[in-house]
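Asks: With my numbering as the guide, the letters of the sequence shown map in order to residues 459 to 970. Note that CB positions come from ideal geometry on N, CA and C, so glycine has one too. The structure presented is a predicted model; accordingly, all values stated were derived computationally and were not measured.
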Amino acid sequence: MSYRKFVLLIAICFAGAFAQSYPTHNVNRPYTLRYLDYSPLLYRYHDMTTGSVPQTFFYPQVDSSFREKKDTSSLIFWHAENGRGKLNISPVFAWDIRGGKAFGDTITGYEGGMFMSGYIDSVEFWLDARIFTESHAEKDQGKWRSWDREFIEIQGNNKPDDVSGLLDEVPYSSYARYRGHIAMRMGWAVLDFGRDAQHWGPGYYNNLSLNQASVPYNQMSLSTKIGPLSVKSLYGDLDPGEGCAEDSRHCSMGKKVSRNLYGHRYELDFGNLMLGISELQIVYDLNHYWLFLPIVPLFMEKGNYSEDHNSGSIAFDFSYRFPIGLRLYSEFFLGDMESPQSLIRNDNIEAKWAWMAGVEYAKNFGAWKAGSIAEYSRIEPYIYTHFDPYTAQFAHLNYPIGSQAGPHSQSIDWLVYAKHAKHFQVQLKQGWLWKGECASDLNFPTPRFDHHSTGKYDGCEERHFLDGAKVQYTFAPAIAYMSRHYAISVENSRVFPRDRGNAFVARAMFLW
Numbered sequence: 459m460s461y462r463k464f465v466l467l468i469a470i471c472f473a474g475a476f477a478q479s480y481p482t483h484n485v486n487r488p489y490t491l492r493y494l495d496y497s498p499l500l501y502r503y504h505d506m507t508t509g510s511v512p513q514t515f516f517y518p519q520v521d522s523s524f525r526e527k528k529d530t531s532s533l534i535f536w537h538a539e540n541g542r543g544k545l546n547i548s549p550v551f552a553w554d555i556r557g558g559k560a561f562g563d564t565i566t567g568y569e570g571g572m573f574m575s576g577y578i579d580s581v582e583f584w585l586d587a588r589i590f591t592e593s594h595a596e597k598d599q600g601k602w603r604s605w606d607r608e609f610i611e612i613q614g615n616n617k618p619d620d621v622s623g624l625l626d627e628v629p630y631s632s633y634a635r636y637r638g639h640i641a642m643r644m645g646w647a648v649l650d651f652g653r654d655a656q657h658w659g660p661g662y663y664n665n666l667s668l669n670q671a672s673v674p675y676n677q678m679s680l681s682t683k684i685g686p687l688s689v690k691s692l693y694g695d696l697d698p699g700e701g702c703a704e705d706s707r708h709c710s711m712g713k714k715v716s717r718n719l720y721g722h723r724y725e726l727d728f729g730n731l732m733l734g735i736s737e738l739q740i741v742y743d744l745n746h747y748w749l750f751l752p753i754v755p756l757f758m759e760k761g762n763y764s765e766d767h768n769s770g771s772i773a774f775d776f777s778y779r780f781p782i783g784l785r786l787y788s789e790f791f792l793g794d795m796e797s798p799q800s801l802i803r804n805d806n807i808e809a810k811w812a813w814m815a816g817v818e819y820a821k822n823f824g825a826w827k828a829g830s831i832a833e834y835s836r837i838e839p840y841i842y843t844h845f846d847p848y849t850a851q852f853a854h855l856n857y858p859i860g861s862q863a864g865p866h867s868q869s870i871d872w873l874v875y876a877k878h879a880k881h882f883q884v885q886l887k888q889g890w891l892w893k894g895e896c897a898s899d900l901n902f903p904t905p906r907f908d909h910h911s912t913g914k915y916d917g918c919e920e921r922h923f924l925d926g927a928k929v930q931y932t933f934a935p936a937i938a939y940m941s942r943h944y945a946i947s948v949e950n951s952r953v954f955p956r957d958r959g960n961a962f963v964a965r966a967m968f969l970w
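#1: If you pair each beta-carbon of the stretch 927–937 with each one of the stretch 878–886, do three or more pairs fall below 8 Å?
#2: If you compare alpha carbons, which of Glu949, Leu801 and Tyr517 is closest to His657?
#3: For Glu818 and Leu786, what's the separation of their Cα atoms in angstroms?
#4: Would a C-beta distance cut-off of 9 Å place Ser632 and Glu592 closer than the cut-off?
#5: With 16 as the cutoff for other CB atoms within 10 Å, does Pro839 come out buried or exposed?
#6: May I ask you to list the residues that DSSP assigns as paired with Leu973?
#7: Tell me the residue span of the beta strand (DSSP E) that contains Tyr819.
#8: Please report the distance separating the alpha-carbon of Ser788 from that of Gly661.
#9: For Glu725 and Phe515, what's the separation of their Cα atoms in angstroms?
#10: Got a sec? Which residues, its chain only, sit under 7 Å from Arg607 by beta carbon, not counting five neighbours each side?
#11: From the DSSP output, in three-state form, read off Asn762 for me.
#12: Who are Asp727's beta bridge partners in DSSP?
#13: Taking just the CA atoms, how far does Leu545 sit from Val465?
#14: Just to confirm, are Asp586 and Gly638 a CB contact at a threshold of 9 Å?
#15: Of the residues Arg952, Glu539, Trp605 and Glu833, which one's Cα is nearest the Cα of Gly567?
#16: Which partner residues does His657 have in the DSSP bridge list?
#17: Distance check for Asp650 and Val754, CA to CA, integer angstroms please.
#18: Does the contact criterion of 3 or more C-beta pairs under 8 Å hold for the stretch 859–878 versus the stretch 888–895?
#19: Nearest by alpha-carbon distance to Tyr501: which of Asp925, Ser941 and Lys821 is it?
#20: First and last residue of the beta strand (DSSP E) that includes Tyr834?
#21: Taking only the alpha-carbon atoms, compute the straight-line gap between Arg556 and Asn664 and give it to the nearest angstrom.
#22: In the DSSP assignment, what residue or residues form a beta bridge with Glu582?
#23: Between which two residues does the beta strand (DSSP E) harbouring His878 extend?
#24: Just how far apart, CA to CA, sit Ser951 and Leu873?
#25: Give me the residue from Gly571, Asp554 and Ser523 with the minimum Cα distance to Leu969.
#26: From what residue to what residue does the beta strand (DSSP E) around Leu886 run?
#27: Go ahead and label Leu906 buried or exposed: buried means 16 or more other beta carbons lie within 10 angstroms of its beta carbon, across all protein chains shown.
#28: State buried or exposed for Tyr747, treating a residue as buried only when at least 16 other CB atoms are found within 10 Å of its CB.
#29: Just mark Gly600 as buried or exposed, buried being the case when its beta carbon has 16 or more other beta carbons within 10 Å.
#30: Hey, is the stretch 912–925 in contact with the stretch 940–951, meaning 3+ C-beta pairs nearer than 8 Å?
#31: Can the beta-carbon of Gly694 be found less than 9 Å from the beta-carbon of Ile859?
#32: Rounded to a whole number of angstroms, what is the C-alpha to C-alpha distance between Phe902 and Ile612?
#33: Rounded to whole angstroms, what's the CA-CA distance from Ala938 to Ala828? Just pull it up for me.
#34: Three-state secondary structure (DSSP) at Glu592?
#35: Relative to the alpha-carbon of Tyr503, which residue among Leu494, Thr490 and Asn484 has its alpha-carbon at the smallest distance?
#36: Please classify Leu751 as buried or exposed, where buried requires at least 16 neighbouring CB atoms within 10 angstroms.
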């Protein structure tokens, strides 16, 4: 078997392909570990809406074209002449500055790490691992917060009574992040292990079961396709987040009781019509590995053991694509119900449901791709919650694994976007969010007894859905330029009422 030697590039090669090549179609990363490509999932949805690719709505997923791409732009690359393998390794460096009233601080961040991807025979993999350091204009370390909602560590001490010898040391925060996947193609299925966020359903912003904006977690999945039917089974290792309740610096100090996620995604593809079902089960201080099997109906298995240690959901969705580049979609999420009639009455705490609907228009204009997405979501009180705090909530590190608006909320999101020749992107997002007070926190306990007779707003000042809730309006333009080896982006977010604050993020990234 003949192999080409390792090749070390001293200068940047001006080929047309991106240096950052993945064996998967990925979700967006709105916080850390950003790609060269500013929003890859947005343009995957664009291509589905225009009819360029089939409709599928579970991500990340395997990119069948990865093996055919000849990536010679990395610092180190290797290709097997017989096509049995390849390897790409690239250093990555980035700088960003974040500030505004929403942060309460001005933060300068630096990051460095490594991106690698490749395959050998039936195994494909990629890894994006980086170390971050940040300096803060705000001198009170007690006000420092994690931007991406994961653990950060405060280095140094600038308190006047410091006696540890660190009085003159410049304080800063530091942390490390990674996402990655290693997958085995077995002919009839793909078995995948990784750390990432999952995105299930036809929505872009407000998927209710699993959402790309959630905090990433360690996971395992099995996916297969039989004719028009696609099936994906998922296991996820979640953190109840008890130590993170007030401060992300203390995430490692909570009780380490396990919270595990099991999920199944089923899709029937009829061309322009796609029908989907997502079912989830959260188990706390308890684990039943057979829930991973795609033939196990989770909504049935849920009733076979104590509800104190588990919670479940089932969601139904559809997406219909019109030939003119228009796509309509919706998702209905059910957490619990007394009966179908109780959902119509919607008068007790057992009627746990949420609904999302949206429309996308996409069009190609020569080298330009442009379009617009509008979505509406309504999430009832007690959605994602459980009987006791920090137990079987649909959450990881105190943030939902589904819609980030959380329980007792209503939102409207509208995005207008354009992209030129895979390099220049511009986006304008507007959002309207209403958030109730009652049963709107993930750790607000669901009453254990008298579910049928306990009203949704018993004991609350609110008497109706979003009673008295004020709207929060967000105006957020963004612009980005991406080349094969570097990317520059600027985002600005204006939030009204003004006391909610504004934020800006400027970022530059280099990958060889």
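Replies: According to the data block:
#1: Enough Cβ pairs lie closer than 8 Å, so yes.
#2: Of all alpha-carbon atoms in Glu949, Leu801 and Tyr517, the one lying nearest the alpha-carbon of His657 is that of Tyr517.
#3: C-alpha of Glu818 to C-alpha of Leu786: approximately 7 Å in a straight line.
#4: Between Ser632 and Glu592, the C-beta gap is smaller than 9 Å, which places the two residues in contact.
#5: Result: buried.
#6: Coverage of the chain is limited to positions 459 through 970, which leaves residue 973 absent and any answer about it impossible.
#7: Residues Lys810 to Phe823.
#8: Answer to the nearest angstrom: the Cα atoms are 7 Å apart.
#9: Answer to the nearest angstrom: the Cα atoms are 8 Å apart.
#10: Take Arg607, set aside five residues on each side of it, and the residues of its chain with a beta-carbon closer than 7 Å to its own are Val673, Ser706, Leu855 and Tyr857, in chain order.
#11: Looking at Asn762 - three-state DSSP - the assignment turns out to be helix.
#12: According to DSSP, which records beta bridges pairwise, Asp727 is partnered with Met732.
#13: Low confidence applies to Val465: its pLDDT is 33, below 50, so where it sits in the model is not reliable, and the reading given next is rough at best. Taking the straight line joining both Cα atoms gives about 11 Å.
#14: Contact: yes.
#15: Of Arg952, Glu539, Trp605 and Glu833, the residue nearest in Cα terms is Trp605.
#16: DSSP output for His657 lists Tyr517 as bridge partner(s).
#17: Here the alpha carbon of Val754 sits roughly 19 Å from the alpha carbon of Asp650.
#18: Look at the beta carbons and you see the stretch 859–878 touching the stretch 888–895: at least three pairs across the two are nearer than 8 Å.
#19: It is Lys821.
#20: Where Tyr834 is concerned, the enclosing beta strand (DSSP E) stretches over Trp826 to Ile837.
#21: The C-alpha of Arg556 lies about 25 Å from the C-alpha of Asn664.
#22: Tyr577 and Ala641, per the DSSP bridge assignment.
#23: Ser867 to His878 is the span of the beta strand (DSSP E), which, as asked, contains His878.
#24: Rounded to the nearest angstrom, the two C-alpha atoms are 13 Å apart.
#25: Answer by Cα proximity: Gly571.
#26: Here the beta strand (DSSP E) through Leu886 covers Phe882 to Lys893.
#27: The sequence shown places Arg at residue 906, not Leu. Classification of Arg906: exposed, given that the 10 Å Cβ count is below 16.
#28: Around the C-beta of Tyr747, fewer than 16 other C-beta atoms lie within 10 Å, and the residue is accordingly described as exposed.
#29: When all chains shown are included, Gly600 counts as exposed.
#30: Output reads no: the stretch 940–951 does not touch the stretch 912–925.
#31: Contact flag set, yes.
#32: Approximately 30 Å between the Cα atoms of the pair.
#33: So the two alpha carbons sit approximately 15 Å from each other.
#34: If DSSP states are grouped into helix, strand and coil, Glu592 belongs with the strands.
#35: Tyr503 has its Cα closest to that of Asn484, out of Leu494, Thr490 and Asn484.
#36: Exposed: under 16 other Cβ atoms inside 10 Å.
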